[in-house]
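Engineer: Adding 211 to a residue's 1-based position in the sequence shown gives its number in the numbering used here.
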Amino acid sequence: MSGTGRRDDGRGRLGSVLSNLAVAVGCVLFLGAFAWGAVVYKPYTVPTGSMTPTVNAGDRVLAERVDGDDVRRGDVVVFTDSTWGDVPMVKRVVGVGGDKVACCGKDGRLTVNGKPVDEPYLRAEGASSLGGPDGKGPASPQNFTAEVPEGQLFLLGDERNTSMDSRVHLEDPGQGSVPRSAVQARVDAVAWPLNGMIDRPEAFAALPGGISSTGPLRLQLTCLVVGVVLILGGAAYGPIAARRSARRTERHGVSTGAH
212 MSGTGRRDDG RGRLGSVLSN LAVAVGCVLF LGAFAWGAVV YKPYTVPTGS MTPTVNAGDR
272 VLAERVDGDD VRRGDVVVFT DSTWGDVPMV KRVVGVGGDK VACCGKDGRL TVNGKPVDEP
332 YLRAEGASSL GGPDGKGPAS PQNFTAEVPE GQLFLLGDER NTSMDSRVHL EDPGQGSVPR
392 SAVQARVDAV AWPLNGMIDR PEAFAALPGG ISSTGPLRLQ LTCLVVGVVL ILGGAAYGPI
452 AARRSARRTE RHGVSTGAH
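(1) Nearest to G306 by alpha carbon, out of T259, F245, G237 and A414?
(2) With distances taken between CB atoms, is the gap from F355 to A313 smaller than 8 Å?
(3) Mark Q353 as exposed unless 16 or more other C-beta atoms lie within 10 angstroms of its C-beta, in which case mark it buried.
(4) For M262, I'd like the list of residues in its chain whose CB is within less than 8 Å of its CB, leaving aside the five on either flank, ordered along the chain.
(5) Going by beta-carbon coordinates alone, are A402 and V272 separated by less than 8 Å?
(6) For the beta strand (DSSP E) that contains V282, what are its first and last residues?
(7) Taking the C-alpha atoms as reference points, what is the distance between S392 and D280?
(8) Label P412 either buried or exposed according to how many other C-beta atoms from any shown protein chain fall within 10 Å of its C-beta, with 16 as the threshold for buried.
(9) Tell me which residues share the same chain as G237 and place their Cβ nearer than 6 Å to its Cβ, disregarding the 5 neighbours each side in the sequence.
(10) Roughly how many angstroms lie between the CA atoms of G285 and P384, to the nearest whole one?
(11) Taking a contact to mean a Cβ-Cβ separation below 8 Å, would you say E190 touches G308 in this structure?
(12) Put R217 into one of helix, strand or coil per three-state DSSP.
(13) Residues in its own chain within less than 8 Å of A233 by CB, not counting five upstream and five downstream?
(14) Using the Cα positions of V328 and I409, report the straight-line distance between them to the nearest angstrom.
(15) Rounded to the nearest angstrom, what separates D292 and V389 at their Cα positions?
(16) Report back the beta-carbon spacing between V298 and E275 to the nearest angstrom; my notes put them in contact at under 8 Å.
(17) Pull up the DSSP beta-bridge partners for Q363, would you.
(18) Since L366 and D376 should fall inside the 8 Å C-beta cutoff, what is the C-beta to C-beta distance between them, to a whole number of angstroms?
(19) Taking A359 as the reference, give the member of P427, L229 and Q386 with the closest Cα.
(20) For a quick check, are the C-beta atoms of L435 and F241 less than 8 Å apart?
(21) Could you give the distance in angstroms between the alpha-carbon of R283 and the alpha-carbon of S424?
(22) Assuming A244 and Q431 make a contact with CB atoms under 8 Å, what is their CB distance in whole Å?
(23) Going by DSSP, which residues form a beta bridge with W403?
(24) Counting along the chain, where does the beta strand (DSSP E) carrying C314 start and finish?
What follows is the structure, given as structure tokens:
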């Protein structure tokens, strides 16, 4: 009986060590991911519906702090420019320095350097891409052409019927574009309501420079979830092990009494 007790005690000590280790690793993952996210990402509340249906008015988004030089076509960015009212705005980059952006082509699509771009993120009704569910409606209700100066970005809202974007500033210097330095962050996800990640549109991948790489948000969320699981699992081990030990002791006592 003494040998059995020692084996049980050894297993108990090992389980306690593993339990404590799981809680410690979970805390590191959880707190580390939380701190990492706080450094890399900044929350914004979208003030208008100009990016509907991708982002709606009042949505809370998580935007990765990036340098303007890291921005690529297709990115949804937060920027501030004095010409646009000197307040944070959220728009989609459709052209970079050296691009000729125009709309609309024969099929109603936006063109960049003469190449038509499918925009599945636009509404099917009103202003939509040719690849939309009904294949109807131009990518912009008004035609325009703009040449983007070097170091600048041409920005449009996904709600093309009502968005006050680069098309409104075509007569300004730079034909409606803003400097890359105006960019504060790149939107990666809608945090509230929980609409999930905002993917990079593949339509721009074939153009020079391609599309930007995804941010670390998915990895951070994975670390948070794993951390929570380890913390809860490790913390739950103690009570579970104690109940099992009590049951073994009770059974052992009954067995000894029977003899």
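A virtual CB, placed ideally from N, CA and C, is assigned to each residue, including glycine.
Structural biologist: Here's the rundown:
(1) A414
(2) yes
(3) exposed
(4) V287, V301, K302, R303, G368, D369, E370 and S374
(5) yes
(6) Premise fails: V282 is in no beta strand (DSSP E) and is neither H nor E.
(7) 8 Å
(8) buried
(9) G438, L441 and I442
(10) 23 Å
(11) What the structure shows of the chain is the stretch from 212 to 470, and residue 190 is not part of that stretch, so it cannot be assessed.
(12) Annotation note: pLDDT 43 at R217 (below 50); position unreliable, coordinate value reported separately. Looking at R217 - three-state DSSP - the assignment turns out to be helix.
(13) L441, I442, G444, G445 and Y448
(14) 18 Å
(15) 7 Å
(16) Contact flag wrong, Cβ pair sits at about 20 Å.
(17) P390
(18) 6 Å
(19) Note on identity: in this sequence residue 359 is Val, with Ala being the wrong assignment. Of P427, L229 and Q386, the residue nearest in Cα terms is Q386.
(20) yes
(21) 9 Å
(22) 5 Å
(23) R271
(24) K311 to C314
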